[in-house]
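Undergrad: In order, the protein sequences belong to chains A, B, C and D. Per my numbering: the first sequence = residues 4 to 285. Per my numbering: the second sequence = residues 4 to 285. Per my numbering: the third sequence = residues 4 to 285. Per my numbering: the fourth sequence = residues 4 to 285. All C-beta atoms, glycine included, are put in the ideal place defined by N, C-alpha and C. For clarity, every value in this text was computed on a predicted model and none was experimentally measured.
There are 4 protein chains.
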Amino acid sequence: MYNLLKGKKGLIFGALNDKSLAWKVAEKAYEEGAEFVLTNTPVSMRFGEIHELAAKCNTIVVPADATNVKDLENLLDKTMEHFGGKIDFILHSVAMSLNVRKGRNYDNLDYGYLNKTLDISAISFHKLLQAAKKKDAINKWGSVVALSYVAAQKTLYRYNDMADAKAMLESIARSFGYIYGREKKIRVNTISQSPTMTTAGSGVKGIDGLMDFTERMSPLGNATADEFANFCITLFSDLTKKVTMQNLYHDGGFSSMGMSLRAMTMYNQALDNPVEPENYDD
Amino acid sequence: MYNLLKGKKGLIFGALNDKSLAWKVAEKAYEEGAEFVLTNTPVSMRFGEIHELAAKCNTIVVPADATNVKDLENLLDKTMEHFGGKIDFILHSVAMSLNVRKGRNYDNLDYGYLNKTLDISAISFHKLLQAAKKKDAINKWGSVVALSYVAAQKTLYRYNDMADAKAMLESIARSFGYIYGREKKIRVNTISQSPTMTTAGSGVKGIDGLMDFTERMSPLGNATADEFANFCITLFSDLTKKVTMQNLYHDGGFSSMGMSLRAMTMYNQALDNPVEPENYDD
Amino acid sequence: MYNLLKGKKGLIFGALNDKSLAWKVAEKAYEEGAEFVLTNTPVSMRFGEIHELAAKCNTIVVPADATNVKDLENLLDKTMEHFGGKIDFILHSVAMSLNVRKGRNYDNLDYGYLNKTLDISAISFHKLLQAAKKKDAINKWGSVVALSYVAAQKTLYRYNDMADAKAMLESIARSFGYIYGREKKIRVNTISQSPTMTTAGSGVKGIDGLMDFTERMSPLGNATADEFANFCITLFSDLTKKVTMQNLYHDGGFSSMGMSLRAMTMYNQALDNPVEPENYDD
Amino acid sequence: MYNLLKGKKGLIFGALNDKSLAWKVAEKAYEEGAEFVLTNTPVSMRFGEIHELAAKCNTIVVPADATNVKDLENLLDKTMEHFGGKIDFILHSVAMSLNVRKGRNYDNLDYGYLNKTLDISAISFHKLLQAAKKKDAINKWGSVVALSYVAAQKTLYRYNDMADAKAMLESIARSFGYIYGREKKIRVNTISQSPTMTTAGSGVKGIDGLMDFTERMSPLGNATADEFANFCITLFSDLTKKVTMQNLYHDGGFSSMGMSLRAMTMYNQALDNPVEPENYDD
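Below, the structure is given as structure tokens:
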């Protein structure tokens, strides 16, 4: 508790329950002196416990479908109304793939689902930024962060069309970061976080094996949701004013590893009895 | 003329007129012994001279809207019918942004147009690959190339939503490259080419200044359309079988430059009389 | 002033005078509650004002040649003696090229000078880390930062052999970051800072033009030394524990730009009267 | 056999025996119509079979220590004398680490050995380029290629100080590529090749496990030495004139993978009985 965000107002997307990255960010931001409005889709609000979080953080929840420009405009209006002025930071933690959920492999995509994936996981970020800029909703030197994943650069089997969405998300952060930076001195970045056992993460088939691998590949181990929140706070603070258009790896070093001794030691166990995948239905 | 593509069959998207990158690739591929089918949208076919190219290369044109799965399936069927078998290479040179054309700035996007940009410039590549894989239309060790641009990694003002589309295109090349590689040993890459005075390029406001800058930044100067064709041929040949999931810069060195003496010498002319943009309507 | 470094002990290399990045880091770290030992080479100490800084920060100066393992060992011993224990953070801001100083162009390097460049600007970082690890001088979850520059990835004319040294420095951060991370949970990163008008920077021929260019290319403008210090503090704090083996751009967005409207507007002034460099003696 | 290098003269470093990458390049270049001079250190010449290769390719061998400027100058003189003129391409395949050979871990480097590693594996490339430029030994549009490895960007345990040397090598390719490009239109690139069972490679402890991993991670499998030679030929040919300052991955896709189904299937075998490294003596 350093009062790093004292006096700052914000807006946080994507807190479902206490495993969510956004939930941890909200708790931490509150500890650090920030005020913020919480938002999520009506559906997520029903399934999750966001009102509990709002109570803890002494704030309100404004429902919004992040793919709906009118909802976003209303959300920004309500948020500025709540604070009687502009905000200083936004966390965008919004992603979903129906192709993944419905088990459509990447070489068998449903293009309607793909459009949904892009709209929810990438274009929503543009819609948010565009609506915020039109409403001049963010103070000078404000900070916007979206959640990405290393799959935007490196292919991980089964990550499917989310990889393409994250690549686009990171591009939006750069493209809009340029515009928002030059005109309003607002910074826009993405954080590429270790795989995390959130409700979303735990639904991914094979996440256990992958997390064991990344844990052993990363010299500092996987980054937790709490650690993500800490890092996110630094990006909202006044100490990082000149960091923009970046994708920042918060992953215990994974992104810079080719092979670690720990992971190789595990892998070598299988060398004498090599196994092949049963099928490529992934 | 090395007969580098002797016996190879292919499919080439996007030849509008003799300034097109795809046109040059077709000519060069023909010289190198390949046979191929040409395709473009009905509209582009009307405005362009693709039939002239087809005559020169002794081949057919099959019209197709690259965003339309049925059209792509028909195109692949017709192509395989034409050759009596599978193909070995594909060039995807398809991109368009209505936001750019209609002068909508990046902080004022029309989201219907954005969807079009993505569908034409990125998703069409997935649709093509998915349709080809389902039809098993490409021979083992075949090669697929799509056209990208450095804007996928670095922001260039005015490039607008095409930057996000190209970032997604490169991600699709990786994501599908993994699948197509593991199952069929087919490689998928993108080429990031210097800005080129094609019909599309010459329509971009300010392209002259930008091309002067990239010319002076690049130690070898901008890469021309003819040089693009040469490079593309190497990627279709059997000499590059293990190159996949890459974005390859064919740009005279621009992508690895921070500042050249030639470009700085030009820039320094303005130091004594600094000017600012009249507005940010770009 | 957040007390972000309360209770933390550190070691800071490279504070010459009040324009130095390291000087600013020292002042800021002091404000944030850290204690630290200052160090520089005997020569730099004579020319600079490090003792003034030490007085302000209520600490000592231990001279050391960063290329000399014995000096580094003595420095670490003295530092741990001073604190009665281990340290938590280190800033390595040490670089020099005799080839640059003596006006030897990159295609006319003196290889004795090159060895010096590497020893001072890159290998010294390895020597420091190796000595620290052997002495177990850094606490668990400690943080080590070295100063890099975008020239490690992109070529800037006149940056000469310092580009190669910085590329090696960033590699050392990864290579040692892996070892130090897996065994001691210590993180190692580099910061790639905007060009800055330090005493070192102001000696670079043509720095004015380059800084004007980077200022106009960067949507947030060049990052200052004070801003560098702020960012550096976040990396020493407990809020960034899982960031390691990274090169972090602190540059107002420059590293993600291909061309900005502001820079292009300047450049375009010269289009009608193009000029060429008088010679390539750079 | 396409006559891709018909009429071209070259210089090839590093052919030890018929497992060497350079050996394969020589054979392939010969097939493609090139003439070239072979070179290696006197020691390597004794242990290897380079004269056998020279006989097959109807050429001469000129011994040279690549770290010795005088030797390089003599080599270039002899080569130009042999051809009665300038050359068109060079392959630099030279690397060695005494720290690796002597089992010095990366946190226990001998700095004399490190200097040797850098001199042999990176600085030799600069010395070669500088000597060639001073003698104007390479024709306009000539091509220079050096051999790199993904460890230059991503840390692989045990790769030790060779990672730093390769990072520096790639930087030299960029730095000199800028100079050589702007003044002589000569291109300079590195190829980042899959791990290969050369004599050098087979001496690396644990190479079997690593190669199994990279084989299963890479959708096209590891690239072989023969395939490397094919790819290298394209870079020496006139078809890639505008590719410069690049590091080109020739690795079956490995560099763009985060995790493959095949590699994960192997790894998962160990999940129920996790093992840890016995020690960190690597």
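List the whole-angstrom C-beta distance separating Phe-239/A from Lys-11/A, where the pair is believed to meet the contact cut-off of C-beta under 8 Å.
TA: In the first sequence, the residue the question calls residue 239/A occupies position 236. In the first sequence, the residue the question calls residue 11/A occupies position 8. Going by Cβ atoms, the distance from Phe-239/A to Lys-11/A rounds to 7 Å, so yes, they are a contact pair.
Undergrad: Flag this pair as yes or no: are the beta carbons of Met-267/C and Gly-256/B separated by less than 9 Å?
TA: As a first step, residue 267/C must be located in the third sequence, where it is residue number 264. As a first step, residue 256/B must be located in the second sequence, where it is residue number 253. No; because the gap between Cβ atoms is not below 9 Å, this pair is not in contact.
Undergrad: For a contact meaning CB atoms closer than 8 Å, what does Phe-234/A contact in chain C?
TA: Here the question's residue 234/A lines up with position 231 in the first sequence. Within 8 Å Cβ-Cβ: Leu-242, Thr-243, Lys-245, Val-246.
Undergrad: Cβ atoms of Lys-81/C and Ile-63/C: under 9 Å apart, would you say?
TA: Position 60 of the third sequence holds residue 63/C. Position 78 of the third sequence holds residue 81/C. Yes, the pair counts as a contact, with Cβ atoms nearer than the cut-off.
Undergrad: Give the single residue among Lys-31/D, Arg-265/D, Tyr-33/D whose Cα lies nearest to the Cα of Arg-3/A.
TA: Because residue 3/A is not part of the residues shown, which for chain A are 4 to 285, the question remains open.
Undergrad: Considering Ile-90/C, what are the terminal residues of the beta strand (DSSP E) in which it resides?
TA: The sequence position of residue 90/C within the third sequence is 87, counting from 1. Taken as a continuous stretch (DSSP letters only), the beta strand (DSSP E) holding Ile-90/C covers 90-95.
Undergrad: Taking just the CA atoms, how far does Pro-45/C sit from Ser-205/C?
TA: Taking the first residue of the third sequence as position 1, residue 205/C is located at position 202. Taking the first residue of the third sequence as position 1, residue 45/C is located at position 42. Whole-angstrom Cα-Cα distance: 22 Å.
Undergrad: Beta-carbon of Arg-185/D versus every beta-carbon of chain C: anything under 9 Å?
TA: Sequence index remark: in the fourth sequence, residue 185/D carries index 182 (1-based). Arg-185/D counts as touching chain C.
Undergrad: Using a C-beta cutoff of 9 Å, does Ile-336/C count as contacting chain D?
TA: No statement about residue 336/C is possible, as the shown extent of chain C runs from 4 to 285 and does not include it.
Undergrad: Identify the residues that DSSP records as bridge partners of His-253/B: which are they?
TA: In the second sequence, counting from the first residue as 1, residue 253/B sits at position 250. DSSP output for His-253/B lists Gln-196/B as bridge partner(s).
Undergrad: Strictly below 7 Å CB to CB, what residues from chain D border Met-171/C?
TA: Sequence index remark: in the third sequence, residue 171/C carries index 168 (1-based). Here the neighbours are Asp-167, Ala-170, Met-171.
Undergrad: Candidates Gly-115/B, Thr-120/B, Ala-149/B: which alpha carbon is nearest Leu-131/B's?
TA: For the purposes of this step, residue 131/B is taken as residue 128 along the second sequence, with counting starting at 1. Among Gly-115/B, Thr-120/B, Ala-149/B, the Cα nearest to that of Leu-131/B is on Ala-149/B.
Undergrad: Just how far apart, CA to CA, sit Lys-27/C and Asp-229/C?
TA: Here the question's residue 27/C lines up with position 24 in the third sequence. Here the question's residue 229/C lines up with position 226 in the third sequence. Their Cα atoms are separated by approximately 6 Å.
Undergrad: Would Ile-210/C and Met-220/C qualify as a contact pair, given that the criterion is a beta-carbon distance under 9 Å?
TA: The residue labelled residue 210/C in the question sits at position 207 within the third sequence. The residue labelled residue 220/C in the question sits at position 217 within the third sequence. No, they are not a contact pair.
Undergrad: Is there at least one Cβ from chain A nearer than 9 Å to Ile-156/C's Cβ?
TA: Along the third sequence, one-based indexing puts residue 156/C at 153. According to the sequence as given, residue 156/C is Gln; it is not Ile. Gln-156/C does not count as touching chain A.
Undergrad: Using 9 Å as the threshold, is the C-beta distance between Ala-154/C and Ala-166/C below it?
TA: Position 151 of the third sequence, counted from the start, is the residue given in the question as residue 154/C. Position 163 of the third sequence, counted from the start, is the residue given in the question as residue 166/C. It is a contact, given that the beta carbons lie within the stated cut-off.
Undergrad: Less than 7 Å between C-beta atoms, sequence neighbours within five positions excluded: which residues of the same chain meet that for Leu-79/B?
TA: Within the second sequence, residue 79/B is the residue found at index 76, counting from 1. Ala-134, Ala-135, Lys-138, Ala-140, listed in sequence order.
Undergrad: Check whether chain A comes within 9 Å of Tyr-252/B, counting only Cβ atoms and requiring the distance to be less than that.
TA: Sequence index remark: in the second sequence, residue 252/B carries index 249 (1-based). Closer than 9 Å: no.
Undergrad: For Lys-143/D, which of helix, strand or coil comes out of DSSP?
TA: Numbered from 1 along the fourth sequence, position 140 holds the residue referred to as residue 143/D. In the structure shown, Lys-143/D sits in a strand (DSSP, three-state: E or B).
Undergrad: Comparing the C-beta of Lys-9/C with each C-beta of chain D, is any distance below 9 Å?
TA: Here residue 9/C refers to the residue found at position 6 when the third sequence is read from its first residue. No, because no Cβ of chain D sits closer than 9 Å to the Cβ of Lys-9/C.
Undergrad: In this structure, how does DSSP classify Glu-281/B when only helix, strand and coil are distinguished?
TA: Position 278 of the second sequence, counted from the start, is the residue given in the question as residue 281/B. Note: Glu-281/B maps to coil in three-state DSSP.
Undergrad: Assess contact between the segment 48-59 of chain D and the segment 245-255 of chain D, defined as three or more Cβ pairs (one per stretch) separated by less than 8 Å. Is contact present?
TA: no
Undergrad: Give the range of the beta strand (DSSP E) segment to which Met-262/A is assigned.
TA: Mapped onto the first sequence, residue 262/A falls at position 259. Met-262/A -> beta strand (DSSP E) spans 260-262.
Undergrad: From Asp-215/C to Glu-279/B, what distance separates their C-alpha atoms?
TA: Here residue 215/C corresponds to residue number 212 of the third sequence, with the count starting at 1. Here residue 279/B corresponds to residue number 276 of the second sequence, with the count starting at 1. Cα-Cα distance, rounded: 12 Å.
Undergrad: Taking C-beta to C-beta, are Phe-247/B and Pro-198/D nearer than 9 Å?
TA: What you label residue 247/B is simply residue 244 of the second sequence in a count that begins at 1. What you label residue 198/D is simply residue 195 of the fourth sequence in a count that begins at 1. According to the sequence shown, residue 247/B is Thr rather than Phe. The answer is no: Cβ separation not under 9 Å.
Undergrad: So, is the C-beta of Leu-14/C closer than 9 Å to a C-beta in chain B?
TA: Start at 1 with the first residue of the third sequence, and residue 14/C comes out as number 11. It does not: the Cβ of Leu-14/C has no partner Cβ on chain B nearer than 9 Å.
Undergrad: In whole angstroms, what is the alpha-carbon distance linking Gln-249/B and Ser-174/A?
TA: Position 246 of the second sequence, counted from the start, is the residue given in the question as residue 249/B. Position 171 of the first sequence, counted from the start, is the residue given in the question as residue 174/A. Each residue's Cα considered, the two are about 18 Å apart.
Undergrad: If you draw a straight line from the C-alpha of Ile-123/D to the C-alpha of Asn-20/D, how long is it?
TA: Indexing the fourth sequence from 1 puts residue 123/D at position 120. Indexing the fourth sequence from 1 puts residue 20/D at position 17. In a straight line, the C-alpha of Ile-123/D is about 19 Å away from that of Asn-20/D.
Undergrad: Thinking C-alpha only, which one of Gly-17/C, Tyr-33/C, Ala-18/C is nearest Asn-233/C?
TA: The sequence position of residue 233/C within the third sequence is 230, counting from 1. Closest by alpha carbon: Tyr-33/C.
Undergrad: Can you tell me whether DSSP reads Ile-15/B as helix, strand or coil?
TA: Counting from 1 along the second sequence, the entry for residue 15/B is found at position 12. Three-state result, Ile-15/B: strand.
Undergrad: What is the C-beta distance between Asp-164/A and Thr-120/A, in whole angstroms, given that I count them as a contact (C-beta under 8 Å)?
TA: Walking along the first sequence from the start, residue 164/A turns up at place 161. Walking along the first sequence from the start, residue 120/A turns up at place 117. Their Cβ separation, rounded to whole angstroms, is 5 Å, which keeps Asp-164/A and Thr-120/A in contact under 8 Å.
Undergrad: For His-129/A, count neighbouring Cβ atoms within 10 angstroms of its own Cβ and tell me buried if that reaches 16, exposed if not.
TA: Reading the first sequence from its first residue, position 126 is the one you call residue 129/A. Buried: at least 16 other Cβ atoms inside 10 Å.
Undergrad: Look up Glu-38/A in the DSSP assignment and say whether it is helix, strand or coil.
TA: As a first step, residue 38/A is located in the first sequence; it is residue number 35 there, counting from the start. DSSP places Glu-38/A in strand when its eight states are reduced to three.
Undergrad: Relative to chain D, which residues along the segment 101-131 of chain C have a C-beta separation below 9 Å, given in chain order?
TA: Asn-108, Tyr-109, Asp-110, Asn-111, Leu-112, Tyr-114, Leu-117, Asn-118, Leu-121, Asp-122, Ala-125, Ile-126, His-129, Lys-130
Undergrad: When burial is assigned at 16 or more other CB atoms within 10 Å of the CB, is Arg-104/C buried or exposed?
TA: Position 101 of the third sequence holds residue 104/C. Exposed, since its Cβ has fewer than 16 Cβ neighbours within 10 Å.
Undergrad: Look at the alpha carbon of Phe-16/C and the alpha carbon of Met-171/B, and state the distance between them as a whole number of angstroms.
TA: Reading the third sequence from its first residue, position 13 is the one you call residue 16/C. Reading the second sequence from its first residue, position 168 is the one you call residue 171/B. The alpha-carbon atoms of Phe-16/C and Met-171/B are separated by roughly 43 Å.
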